[in-house]
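Residue numbers (our numbering): 61 to 260. Notes follow the structure.
This is how it looks when you write it as structure tokens:
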């Protein structure tokens, strides 16, 4: 994706319900912090760049950076507006965790938690929604769908956490999974597929 295409896709994604919801909460918090002299900026920023092939951003489609709080999109790794929106939601969960909840995502267990939450709301969200609507409301099918969704979240969270903590990623995600998978902040809704466990 060219830089201008990325920038256009970011503007379109910012008009969608879920990104708008998270950005609204983050910006309200940052504006208050800015008035109190605790934040250098009153709002989160969005930037499109061609990302490098080395360091933590080497395989990333986007990443969250602070201060100031910024979501950086890797235009050279994004291919569609839908992918930009999915990536935006993923990074906005990190931004929310870091700014509003003041979680130290530089720690392996905290990052693992944020990655679990981000994967559930982005990469695995549409699949979970689809399974919820197409599968019959029969315990066997719903249990299978819950297992599949939890597996999707776990796999994405391990992959994302390993970019910063390759040796600890799997253990940290497994340790934090149950607690963080059921944490839906800043969304208040719950879906049937969220109360899942990877166990048998």
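Backbone N, C-alpha and C fix where the C-beta goes; we use that ideal spot for every residue, glycine too. Quantities reported herein were computed from a predicted structural model and do not represent experimental measurements.
Per-residue DSSP class, three states only, for residue i
{"i": "residue 138", "result": "coil"}
{"i": "residue 105", "result": "strand"}
{"i": "residue 204", "result": "helix"}
{"i": "residue 114", "result": "coil"}
{"i": "residue 130", "result": "strand"}
{"i": "residue 258", "result": "Residue placement at residue 258 cannot be trusted, given a pLDDT of 47 that sits under 50; what the coordinates show is reported in the next sentence. Three-state result, residue 258: coil."}
{"i": "residue 229", "result": "helix"}
{"i": "residue 234", "result": "helix"}
{"i": "residue 148", "result": "helix"}
{"i": "residue 162", "result": "coil"}
{"i": "residue 184", "result": "coil"}
Start-to-end residues for the alpha helix (DSSP H) that takes in residue i
{"i": "residue 173", "result": "168 to 181"}
{"i": "residue 85", "result": "77 to 95"}
{"i": "residue 65", "result": "63 to 73"}
Exposed unless 16 or more other CB atoms sit within 10 angstroms - verdict on residue i
{"i": "residue 79", "result": "buried"}
{"i": "residue 221", "result": "buried"}
{"i": "residue 216", "result": "buried"}
{"i": "residue 226", "result": "exposed"}
{"i": "residue 144", "result": "buried"}
{"i": "residue 114", "result": "exposed"}
{"i": "residue 232", "result": "buried"}
{"i": "residue 139", "result": "exposed"}
{"i": "residue 178", "result": "buried"}
Alpha-carbon to alpha-carbon, residue j and residue i
{"i": "residue 92", "j": "residue 162", "result": "15 Å"}
{"i": "residue 224", "j": "residue 167", "result": "10 Å"}
{"i": "residue 176", "j": "residue 151", "result": "12 Å"}
{"i": "residue 219", "j": "residue 77", "result": "27 Å"}
{"i": "residue 238", "j": "residue 112", "result": "34 Å"}
{"i": "residue 248", "j": "residue 228", "result": "30 Å"}
{"i": "residue 124", "j": "residue 204", "result": "33 Å"}
{"i": "residue 236", "j": "residue 206", "result": "18 Å"}
{"i": "residue 214", "j": "residue 89", "result": "30 Å"}
{"i": "residue 117", "j": "residue 83", "result": "23 Å"}
{"i": "residue 65", "j": "residue 230", "result": "35 Å"}
{"i": "residue 62", "j": "residue 81", "result": "27 Å"}
{"i": "residue 142", "j": "residue 149", "result": "11 Å"}
{"i": "residue 101", "j": "residue 164", "result": "19 Å"}
{"i": "residue 180", "j": "residue 147", "result": "12 Å"}
{"i": "residue 174", "j": "residue 126", "result": "15 Å"}
{"i": "residue 208", "j": "residue 95", "result": "45 Å"}
{"i": "residue 87", "j": "residue 69", "result": "20 Å"}
{"i": "residue 49", "j": "residue 85", "result": "This structure cannot speak to residue 49, because the chain is shown only from 61 to 260."}
Cβ of residue i within 9 Å of any chain B Cβ
{"i": "residue 204", "result": "Considering every chain present, this structure includes no chain B. It has just one protein chain."}
Residue i, enclosing beta strand (DSSP E) - first and last residue
{"i": "residue 8", "result": "Because the chain here runs from 61 to 260, residue 8 falls outside it and cannot be looked at."}
Three Cβ pairs or more, each shorter than 8 Å: is that satisfied between the stretch 106 to 125 and the stretch 63 to 82? yes
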